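Visitor: So that we are looking at the same thing, I have put the structure below in structure tokens.
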Amino acid sequence: TKEQLYSINNSSLKDASIWFNNGCTGEFVSSEGLVLTNHHCGYDAIAELSTTQDNILDNGFWAKDRASERVPVKPLVVTRVVRVDDITDQVLSKLTGVAEKDRSAKLASIFKELEKKATEGSSYSATSREMFKGNAYYLFVLEKFTDIRLVGTPPQNIGKYGGETDNWMWPRHTGDFSMFRVYCGADNKPADYNASNVPYKPLKHLSISLKGYKEGDFAMIIGFPGRTNRYEFSQGVALATDVVDPSIVNLRAIRLKAWKEQMVQDEATRLLLSSDYASVANYWKFFDGEAEQLKRNKVFEKKAAEEKVFGQWASSREEYKSLLYDIDQVYTLYKPYALQSTYMRECIGAPGIMQLASLGFALDALYFEKDTLMKNKTMSKEEKAKRISLIDSNILKISKKSIEALADFSYTDRIRTADKKIFQGMLSMYYKNIPANQWPAVFKKIASKIKNGNSEAVFAKYTEMVLSKSIFASKEKIEAFFKKPSYAKLLADPAFALYKAHRDNYMTNFKPKVDEFMSQSVALGRKYIKGLMEMYPNRYFYPDANSSQRFTYGTIRSYNPKDGVHFNYITTIDGVMEKYIPGDYEFDLPARFIELYKAKDYGRYAMSNGKLPVAFLSDNDITGGNSGSPVMDGDGNLIGIAFDGNWEAMSGNIHFDETFKRTISVDIRYVLWLIDKFGGAGHIVAEMTIIE
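To convert, count from 1 in the sequence shown and add 5; that's our numbering.
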């Protein structure tokens, strides 16, 4: 019933589904705060806890008792939804007459007021979310927990089995799960980490079904999908397909290639870079697939056809008759600058040394303020000294942050070698793909030395100079700089100067254009959705994903990706072994796993045919943020954990394809088998509620 799915006054399924670390989903599976999520959602925490002496990323980890559960290096956050309030009327009534340029500021003010009112007298927080590009608004009251501890994880050659080769693909054989426990104070309320904290007792935890499923069976998901843009205009589809997505793919490929060359040669380097590599690689492949599937699924043509119908309806309505023309004009003006923000983020800001140099930008503002104060003749000595002292304190904080960031980045020789290739490669990409009339002066000066098209030699020489002279090139240099900081030295630093020149160029010449485009496209999108709702008054519309809790339902379902090819809805451990390649980075397996397979020791987790299920397909909706979501049967029992979408529907963030869209999930029976039989951690399974 609706009450069982969502209830304010009683426990319901929405209480069992949690937002995991502000980017994934998880679910409570015991009355003692035990959380299941994906392996890739816990990957950062697992990697940071791993050393060459205690490599739990490669070897796996199963806490034998509560005392041996691991506290992550960086605190994790688990958020549960207390309730959801429809605030549409309150917000829209206060926006009447507000100019578009003032809308964001006014919204922030309205949200602040409503969120304060919704949480007064409680320990809860609140966040307001815009739906339908501003045609509706909802307020989410939240409870956040920060004492989260690692309970268990399979080795990454199980949790990431198939690596980048299998990512976004079916058939799939990945044991993509990890386990954490939420701790709290004795009052069952959130509390910062303390050894005396106790396991949280959730309002609702999911029962786990070992009954299995068959094709056509009902399946539902409650999770926190990140971002979709399914009301995108045809012009936006063309821009993504032809311009933006291919650029992201090509730029990220430079980083991945340079990192991979070093990671395969050294275990310590692999551990240092594994989390960054996985993060960059995931969306490198995503954007590649999105561009391909937008074309394959003819999304541009479908959007254009929908807009044509809308245009015919709108032609006799004053509010909407010029809307499609206005949209086309906005995109036409924006297209020449469409790559600027992508290249600032994925190119200029990508090399490690440039990420470190970007920290100097905050210093730049502080030093400028300090210099201005020093020259002030009217301010009292006491006030001047007080303000300079505050600035010096902030400079010290940023200096510590810079040193810590450099330590985290660990500028070893291998990472320097990789970063050198990345830096040089990014300069070449910028030179080839950004028009010369959009370059900052410093880049024009570098490029002026190129003779006879030999850009490689010029960029190689410049790269060597930056990495040898910059204060951000080593921990020793940056520590020496902060012992005797100098504004002039910061401004003269080649890495900082290059970053600052590009950022100033972007902020002055292009960000205003990008902001204007975003403002106009959002306003036009809001009007377009409003028009669609008027055009189709009997149609049910759903809002784009925005990291708020959502429900999706469907069925267990196979599919035919192309003529003559059929993909079954389920995979088994036999497929895992068929892919097995001893010693391979993506397809190796632990000896214990192979022993259990040969013995067919599957216990109560086997299907009626004696095989062990691994993964399955359903036609539920999914996007980034849904990772780790509970997949439940019609009785609300857990049957799997969602972890991926399929290649043929990579256009899903812009277009939901009813024929091809699939959610890929790890079967809960495979998860429990790995915990119990493979991991020898039956005591963890024992605290769950199991339905045979």
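Quick reminder that beta carbons are idealized off the backbone N, C-alpha and C, glycines included. For clarity, every value in this text was computed on a predicted model and none was experimentally measured.
Identify which residue in 288, 287 and 267 has its Cα closest to the Cα of residue 278.
Guide: In the sequence shown, the residue the question calls residue 278 occupies position 273. Checked all of 288, 287 and 267; the closest Cα to residue 278 is 267.
Visitor: The beta strand (DSSP E) with residue 39 in it runs from where to where?
Guide: Translated into positions along the sequence shown, residue 39 becomes position 34. Where residue 39 is concerned, the enclosing beta strand (DSSP E) stretches over 39-42.
Visitor: So residue 162 is in the alpha helix (DSSP H); what residue range does that whole segment cover?
Guide: Taking the first residue of the sequence shown as position 1, residue 162 is located at position 157. Per DSSP, residue 162 belongs to the alpha helix (DSSP H) from 161-164.
Visitor: So, for residue 234: in the same chain, excluding its five sequence neighbours on each side, which residues have a beta-carbon less than 8 Å away from its beta-carbon?
Guide: Stepping through the sequence shown from its first residue, residue 234 is reached at position 229. Result list for residue 234: 241, 549, 658 and 659, in chain order.
Visitor: Using only alpha-carbon positions, find the residue among 107, 661, 130 and 126 that is nearest to residue 117.
Guide: Stepping through the sequence shown from its first residue, residue 117 is reached at position 112. Among 107, 661, 130 and 126, the Cα nearest to that of residue 117 is on 130.
Visitor: To the nearest angstrom, how far is it from the Cα of residue 206 to the Cα of residue 112?
Guide: In the sequence shown, the residue the question calls residue 206 occupies position 201. In the sequence shown, the residue the question calls residue 112 occupies position 107. Roughly 36 Å separates the two Cα atoms.
Visitor: What is the rounded straight-line gap between the Cα of residue 299 and the Cα of residue 547?
Guide: Position 294 of the sequence shown holds residue 299. Position 542 of the sequence shown holds residue 547. Between residue 299 and residue 547, the C-alpha separation is close to 21 Å.
Visitor: With a CB to CB cut of under 7 Å and the five nearest residues on each side skipped, what residues in its chain are close to residue 662?
Guide: Locating residue 662 in the sequence shown gives position 657, counting from the first residue. Within the same chain, residue 662 has close Cβ partners 302, 654 and 656.
Visitor: Return helix, strand or coil for residue 667, following the three-state DSSP convention.
Guide: One-based indexing of the sequence shown puts residue 667 at position 662. If DSSP states are grouped into helix, strand and coil, residue 667 belongs with coil.
Visitor: Looking at the strands, I want to know which residues DSSP matches up with residue 75.
Guide: For this step, residue 75 is matched to residue 70 along the sequence shown. Answer is 155, bridged to residue 75.
Visitor: Using a Cβ distance threshold of 8 Å, determine whether the segment 587-597 contacts the segment 167-176, with at least three qualifying pairs required.
Guide: Contact between the segment 587-597 and the segment 167-176 is present, because at least three Cβ pairs lie under 8 Å.
Visitor: In this structure, how does DSSP classify residue 293 when only helix, strand and coil are distinguished?
Guide: Within the sequence shown, numbered from 1, the residue matching residue 293 stands at position 288. Helix at residue 293.
Visitor: Residue 254 lies in the beta strand (DSSP E); which residues open and close that run?
Guide: Taking the sequence shown and counting its residues from 1, the one referred to as residue 254 is at position 249. Premise fails: residue 254 lies in the alpha helix (DSSP H), 250-268, not in any beta strand (DSSP E).
Visitor: Between residue 474 and chain B, is any beta-carbon pair separated by less than 7 Å?
Guide: Looking at the structure shown, chain B is missing, and only one protein chain is on hand.
Visitor: Which first and last residues belong to the alpha helix (DSSP H) in which residue 492 is found?
Guide: Here the question's residue 492 lines up with position 487 in the sequence shown. 492-497 is the extent of the alpha helix (DSSP H) around residue 492.
Visitor: How big is the Cα-Cα spacing for residue 400 and residue 476?
Guide: Stepping through the sequence shown from its first residue, residue 400 is reached at position 395. Stepping through the sequence shown from its first residue, residue 476 is reached at position 471. Rounded to whole angstroms, residue 400 to residue 476 spans 16 Å at the Cα level.
Visitor: Is residue 151 closer than 7 Å to residue 82 when the C-beta atoms are compared?
Guide: Position 77 of the sequence shown, counting from 1, holds the residue named residue 82. Position 146 of the sequence shown, counting from 1, holds the residue named residue 151. Their beta carbons are under 7 Å apart, which means residue 82 touches residue 151 by this criterion.
Visitor: I'd like to check one pair, residue 285 with residue 322: are the Cβ atoms closer than 7 Å?
Guide: Counting from one through the sequence shown, the residue named residue 322 turns up at place 317. Counting from one through the sequence shown, the residue named residue 285 turns up at place 280. No, Cβ-Cβ distance for residue 322 and residue 285 is not below 7 Å.
Visitor: Using a Cβ-Cβ cutoff of less than 8 Å, which residues in the same chain neighbour residue 441 once the five nearest sequence positions on both sides are dropped?
Guide: Stepping through the sequence shown from its first residue, residue 441 is reached at position 436. 449 and 452.
Visitor: In the structure shown, what three-state DSSP assignment does residue 703 receive?
Guide: The structure shown does not extend to residue 703, since the chain spans only 6 to 697, so no value can be given for it.
Visitor: Would the beta-carbon of residue 85 fall within 7 Å of that of residue 23?
Guide: As a first step, residue 85 must be located in the sequence shown, where it is residue number 80. As a first step, residue 23 must be located in the sequence shown, where it is residue number 18. Going by C-beta atoms, residue 85 is nearer than 7 Å to residue 23.
Visitor: List the endpoints of the continuous alpha helix (DSSP H) containing residue 468.
Guide: As a first step, residue 468 is located in the sequence shown; it is residue number 463 there, counting from the start. Counting along the chain, the alpha helix (DSSP H) containing residue 468 begins and ends at 460-474.
Visitor: For residue 210, tell me which candidate among 189, 569 and 33 has the shortest Cα-Cα distance.
Guide: Sequence index remark: in the sequence shown, residue 210 carries index 205 (1-based). Considering only alpha carbons, the answer is 33.
Visitor: Could you check what DSSP says for residue 688 in three-state terms: helix, strand or coil?
Guide: Locating residue 688 in the sequence shown gives position 683, counting from the first residue. Helix, per DSSP.
Visitor: Once you ignore the five residues that flank residue 283 on each side, which residues in its own chain have a CB closer than 7 Å to its CB?
Guide: Counting from 1 along the sequence shown, the entry for residue 283 is found at position 278. Cβ within range, chain order: 45 and 48.
Visitor: Quick one, which of 353, 536 and 688 has its alpha-carbon nearest residue 259's?
Guide: Here residue 259 corresponds to residue number 254 of the sequence shown, with the count starting at 1. Comparing Cα positions, the closest option is 353.
Visitor: On a Cα-Cα basis, can you pick out the residue from 421, 135, 177 and 227 that is closest to residue 21?
Guide: For this step, residue 21 is matched to residue 16 along the sequence shown. Ranking the options by Cα distance to residue 21, first place goes to 227.
Visitor: Give the straight-line distance between the Cα atoms of residue 498 and residue 677, rounded to the nearest whole angstrom.
Guide: Walking along the sequence shown from the start, residue 498 turns up at place 493. Walking along the sequence shown from the start, residue 677 turns up at place 672. Those two C-alpha atoms are separated by around 54 Å.
Visitor: Suppose you measure from the CA of residue 466 to the CA of residue 290; what does that come to, to the nearest Å?
Guide: Locating residue 466 in the sequence shown gives position 461, where the first residue counts as 1. Locating residue 290 in the sequence shown gives position 285, where the first residue counts as 1. Between residue 466 and residue 290, the C-alpha separation is close to 32 Å.
Visitor: Taking the C-alpha atoms as reference points, what is the distance between residue 335 and residue 519?
Guide: Locating residue 335 in the sequence shown gives position 330, counting from the first residue. Locating residue 519 in the sequence shown gives position 514, counting from the first residue. Each residue's Cα considered, the two are about 11 Å apart.
Visitor: For residue 317, does the count of other Cβ atoms within 10 angstroms reach 16, so buried, or fall short, so exposed?
Guide: Taking the sequence shown and counting its residues from 1, one reaches residue 317 at position 312. So residue 317 ends up on the exposed side.
Visitor: Which of helix, strand or coil does DSSP assign to residue 46?
Guide: On the sequence shown, position 41 is the one that residue 46 refers to. Reduced to three states, the DSSP call for residue 46 is coil.
Visitor: Please state whether DSSP places residue 386 in a helix, a strand or coil.
Guide: Position 381 of the sequence shown, counted from the start, is the residue given in the question as residue 386. Of the three classes helix, strand and coil, the one that applies to residue 386 here is helix, per DSSP.
Visitor: Per DSSP, what are the beta-bridge partners of residue 32 in this structure?
Guide: As a position in the sequence shown, residue 32 is number 27, starting the count at 1. In DSSP, residue 32 forms a bridge with 22 and 41.
Visitor: If you reduce the DSSP assignment to three classes, tell me which class residue 417 lands in.
Guide: Stepping through the sequence shown from its first residue, residue 417 is reached at position 412. Correct three-state label for residue 417: coil.
Visitor: Of the residues 631, 690 and 443, which one's Cα is nearest the Cα of residue 43?
Guide: Taking the sequence shown and counting its residues from 1, the one referred to as residue 43 is at position 38. Out of 631, 690 and 443, 631 has the C-alpha closest to the C-alpha of residue 43.
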